[in-house]
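Numbering (this note's numbering), first residue to last: 1197 to 2263.
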C-alpha cells in the first residue's frame, strides 16, 4: 500500500511536467524546466549598423556593465544610445490572501532581491533563462545565434533528432533568412516578491505570473533594414491563472522599461515623444551634441521603439486593426476551403478559412511544419507528420499562422510616459501601475535624464495560450529619417520578415607583403540559394579601411543624405549583361524609394583574389569582401538573369560583414573580414618567384596556338616549389570532328600530382559566346593566370598575311576566307600556313575538292608552327598548266570535315594578282616577277588554344638564405625616428585616452629580438621580430609609458650577429 501511495504522489507531481512537455493550444512548445540564473549569458549583435550587447534574460544592455555598448549606432562608433532596456509583463491580480497586487516580471538589473521562504539564500525576482538553449561547453558561451554553430546546443528542447546540429530558426529548420538571428527562452518563476501562486499554493517555487517567454532578435544588413533591430516576444501562459483584457479581472500588459541615452552615458539633455498612429516612442538629444569622446562629428540622431505586432482581440467582432477582416487569429488551423473576403489584401477568392488574408500559396508555401522544402539548403526530406505537400496550410509554413502577422487583430501602443530618471522605478509596482493604463500618454519634460515606460494592453492570455509581440528598435539621423525607418520596419514585418536572403559570406584571408596586401577568398557565396529568388548571386565588392568598423571608408548616401553603404575599392561581377545601376531604387519595392540605385558592376567577370598596392608598411588595414545578389526586376527571367519567372521586384542584398569590438578590442571577425599589416619581409629571406618569360609570359612547349598565357604571383610568400602544365581541349561543330574551332576547357596540373583545374569550361559572355580573355586563380598556390585566346577573322588575316621580307616576286596577293556551302555559319578554320616556292617539284595538290586528280607543284604548303604538310588545291588553266604560280592563279587550303570523307572543304583562298606601281596602276608583263625558289608567303591566321598545345612554367618557394652575412644587419632601421608625438600607423583610440602607440624596427632577420635601453643603460623592454619587423608600444616591461629622450637598441639575430643603434622620442 505504501508503494502505491508513493507512486500516486509521484504521478501527481509529474502531471504538470507531463502536460507541459508538449505544444500548447497556440502551437508553442512549453518547456517543463525552470529558468536558471547560472545559464545567464549575453552576445554582442553586429549584424547591421546597430551594434548592441543583449542578454538572455530579457534585456538590451547590462547597465553599468555595458557603458556605451548597448544600442550603439552607427556600429563601431561607441555611440551607445541605451543604458539598459527590459521588456516586461505586468498584471494586477489577487494574492494568496485575496488582496489585489501589482506584479511585474522583467529582467532589468536593479539588484532587487528577496528571500526564499524555505532558505536563507537570495534569488533575483527577475526573468531567468531556461536551460538547454545554448552550448555551455565552449570557452565563452554566448546566446544561440545563427552565425555561430558552436553556440547551438547538442539538441534543441522540444525538437526531435532531425534538428540536432541544425539551426532552430524562426523560419524553420536550418532557415537563415535573417543575416543574424538570436534565440533564447526565459520564464518568471523566480519572481517571488509577492505571494502569488500561478501554479497553486503547493508549488511555491514556481511563482511570478507563470509565464514562459520565447525571444528572438533579427538583423538584416540590407540597406533598407540596416538601422533596425527586430525583436519578437512570444508570451505563453503556463500557469493556472486566466488573464483577460478586463481591467478588473486579471488584466495583462506587455511593455518596455528603458533608460535611454540619446546623447551618451550620463547625459541630461534627453528629449522624448510618441506617435500613437505609428505605434512609436522615440527620443533625441535636445541640444544635438553627444557626450561621446570619439566620432564627435557624427550627430547623436534619433532612437525609437516601435510595436510592429501586438496581441489581437479575436472575439469582439470588431476590426481592431482596420484591415477589413474581423477577429483574425494566428493560432487556428487550416479550417476549410471557402470563398470569402480577403480584407484589404486581395479580392475575395477561394482560400482556406484559417488563412484569413489569402496569401498562403500551395505551390511555394506547402513546406510542412519544419518550414523547409525541396531544393533548399539543408533539406532533410519530407516532414514525418505528413504536413509537407498536403495541400493545406499548417503551423510552421510561410504565410500562415504564427508566420503570418496579418492573421491577427492588433491593439498596438496604448500608453507612454517618460519620467525623470529615478522617479519611477520598475521595482515600484504600484507606481508603475497607473502609468501603464490604456490611454495614459504624457508629454514628458524635455532636456532632462529620462526613463521610458510604454505598454500595450490589457490583453487576454488564457491558460495554455500564447500571445506575440513583434517590436523594433530604430535609428535615424533626424525625426524624418526615424519615421522613414519606422515605415520600412513595418513594411518588412508586413511581409512576414520574408526579406531577400543575401548570399553567404565568402571565407577571406590576407597575405601581407612589402607595400602590398593580397586578398584571397573562396567561392562559397556563388552557391547560395535564396528561398524565394533561387540562385541569384551576382558579384563581390571589396571594402577597405584603417578602422575595424570601416568608419573611414567612404559612404554612399541616398537622396535624404543618409549613408546607405560603403563605397567599393574593387568590384567583380558575373558576365550576364546586368551592368550599371540596378533597375530599382532602394526601397522602391515597398513604396519608399530613397533615390539610390545599387551599382551592379561592369561584367568584369568573377575573381577570388585582389592585390592592393595602395598601402603603407606598418599600418594595419581592415578588409571586407561582400557578396551581393542580383535583386530582381520584371525582365530578369526573359534576360536569363533569373531562373524563376514573375517574382516580386526587389533591390539587391549584401552579405553582412562586421568586426566585433569590446571596449575597443577586436574580439571577433566575420568570416569575410580580415585585418593585415604589410611590411618588408625578413632580411634573410629569398621571396618566392615565378619562372616565366618577359612580360609574365608562360612559355609554350607544344602546339600551334598563337594565343598567350600570363602567370602573375599574387604573393611571393605563398608560392611553392613546383612546375605547372596548362593544357586545353576544343569543341568541334557537329559533323566536323576533325577541326578544332574553339577552346572549350582548360586544365592545370602540378608536378607534385595535384590537379588545380580539371577541364574547367572557358567563361562565356552574356550571349553565351566564349570569351577571348579570362582569368583563373590558383589560390592555394598564390598564382593568377591570365588567358588571351586568339580566334581568326578574315579582316585581321588579310592585314597580317604577307610575303616574307626580301622575296624576289612582286605579285600582289589577296586572302579570302571561303564560306562552307555545307556549314555557312561555321567559324573560320584557324590555321597558320606557309607557301614556300622551290626549284623542283616539292608537293602534290588536288585539282578540286573532289580529290579525284592530283597536280605536281613547284611549291609546298605546310603549317607555319608545326611544319606539318597541309592539303591544298591548285587548279591551273590548261594554257598555263606548269605546276607553278602565274598571274591570276590561286591556292585553296583544304581540310576534311571527317577523316573518312572523300571530299574536302575549302577554307582559305590565296590569289596571286598582277603587280602595280606606286599609283596602283598594273605593271607591264615585262616587269612582272613570278615567285622564285626560296620565296615564301605567310597566311597568318590566329589559332586558339587547342588539345595540341601545352604551356609550362615553374615557381620557387620563399626560403631562408643559407649562411647569411652579418652585413644584413646594416639594413636594420627604426621608423619613425625621431618619434614625435605620434605615428600615422597608430589606430584611433576607441573611447578615450592616448590610444595605442607604435614604433617599428624594420629589415630584421627572421629569428631576431630587439632589446631597448635608456641613454643611461637601463633595460626597458625586449620585443620579438615577426616577419622582419618588431613593433614596440612605447611601454616598459612593467606596462608603464616611457618618457621622452634618447634610447639605444640591441638587435640579436640568431646565426648572424648583433647590431646596435639609437632613436629618439619626443612627446
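Quick reminder that beta carbons are idealized off the backbone N, C-alpha and C, glycines included.
Asked, Found
"On a Cα-Cα basis, can you pick out the residue from 2145, 2171, 2037 that is closest to residue 2080?", "2037"
"Give the C-beta separation of residue 2227 and residue 2214 to the nearest angstrom, bearing in mind that I take them to be a contact with Cβ-Cβ under 8 Å.", "Their Cβ separation, rounded to whole angstroms, is 21 Å, which puts residue 2227 and residue 2214 out of contact at 8 Å."
"One question on the structure: do residue 1743 and residue 1286 come within less than 8 Å of each other, judged by their Cβ atoms?", "no"
"Does the distance from the CB of residue 1653 to the CB of residue 1447 come in under 8 Å?", "yes"
"Can residue 2104 and residue 2011 be called in contact, C-beta distance under 8 Å?", "yes"
"Provide the residue(s) that pair with residue 1957 in DSSP beta bridges, ordered along the chain.", "1941"
"Give me the Cα-Cα distance between residue 1634 and residue 1611, rounded to the nearest whole angstrom.", "6 Å"
"Using a Cβ distance threshold of 8 Å, determine whether the stretch 2123-2135 contacts the stretch 1986-2002, with at least three qualifying pairs required.", "yes"
"What is the DSSP secondary structure of residue 1441, reduced to helix, strand or coil?", "coil"
"Suppose you measure from the CA of residue 1674 to the CA of residue 1939; what does that come to, to the nearest Å?", "58 Å"
"Compare the C-alpha of residue 1342 against each of 1333, 1356, 1366 and name the closest.", "1366"
"Check the DSSP bridge columns for residue 1708 and list the partner residues they point to.", "1713"
"Compute the beta-carbon to beta-carbon distance between residue 1369 and residue 1568, rounded to the nearest angstrom, for a pair I have assumed lies under 8 Å.", "5 Å"
"Starting from the Cα of residue 1373, find the closest Cα among 1789, 1972, 1441, 1363 and give me that residue.", "1363"
"Given this structure, state the Cα-to-Cα distance separating residue 1925 from residue 2146, to the nearest angstrom.", "11 Å"
"Under the three-state reduction of DSSP, which class applies to residue 1305: helix, strand or coil?", "coil"
"For the stretch 1768-1839, which segments carrying the alpha helix (DSSP H) assignment without a break, of at least 4 residues, lie completely within its bounds, in sequence order?", "1832-1835"
"Note the first and the last residue of the continuous alpha helix (DSSP H) segment covering residue 1739.", "Where residue 1739 is concerned, there is no enclosing alpha helix (DSSP H), although the beta strand (DSSP E) it sits in stretches over 1733-1741."
"State the Cα-Cα distance for the pair residue 1394 and residue 1236, rounded to the nearest angstrom.", "24 Å"
"Can residue 1704 and residue 1867 be called in contact, C-beta distance under 8 Å?", "yes"
"Secondary structure at residue 1478, three-state DSSP: helix, strand or coil?", "strand"
"Can you tell me whether residue 1490 is helix, strand or coil according to DSSP?", "coil"
"Report all residues from its chain with a CB closer than 7 Å to the CB of residue 1845; omit the five preceding and five following residues, and keep chain order.", "1780, 1785, 1828, 1829, 1830"
"Could you tell me whether the Cβ atoms of residue 1281 and residue 1454 are closer together than 8 Å?", "yes"
"For the alpha helix (DSSP H) that contains residue 1991, what are its first and last residues?", "1990-1996"
"Answer with buried or exposed for residue 1564, where buried requires no fewer than 16 other C-beta atoms within 10 angstroms of its C-beta.", "buried"
"Measure the alpha-carbon distance for residue 1900 versus residue 1804 and round it to whole angstroms.", "31 Å"
"How far does the beta strand (DSSP E) with residue 1560 in it extend, from its first residue to its last?", "Per DSSP, residue 1560 belongs to no beta strand (DSSP E); it is in the alpha helix (DSSP H), 1558-1561."
"Under 8 Å: do the stretch 2077-2096 and the stretch 1944-1963 share three or more Cβ pairs, one atom per stretch?", "no"
"Looking only at DSSP bridge pairs, what is residue 1427 linked to?", "1413, 1667"
"The beta strand (DSSP E) spanning residue 1632 covers which residue range?", "Per DSSP, residue 1632 belongs to no beta strand (DSSP E) and is neither H nor E."
"Between the stretch 1225-1233 and the stretch 1322-1341, do three or more beta carbon pairs fall short of 8 Å?", "yes"
"Given this structure, state the Cα-to-Cα distance separating residue 1331 from residue 2199, to the nearest angstrom.", "46 Å"
"Taking Cβ positions only, does residue 1707 come closer than 8 Å to chain C?", "Given the protein chain composition of this structure (a single chain), no chain C is represented."
"Tell me residue 1501's beta-bridge partners as DSSP assigns them.", "1477, 1669"
"Start and end of the beta strand (DSSP E) containing residue 2106?", "2101-2109"
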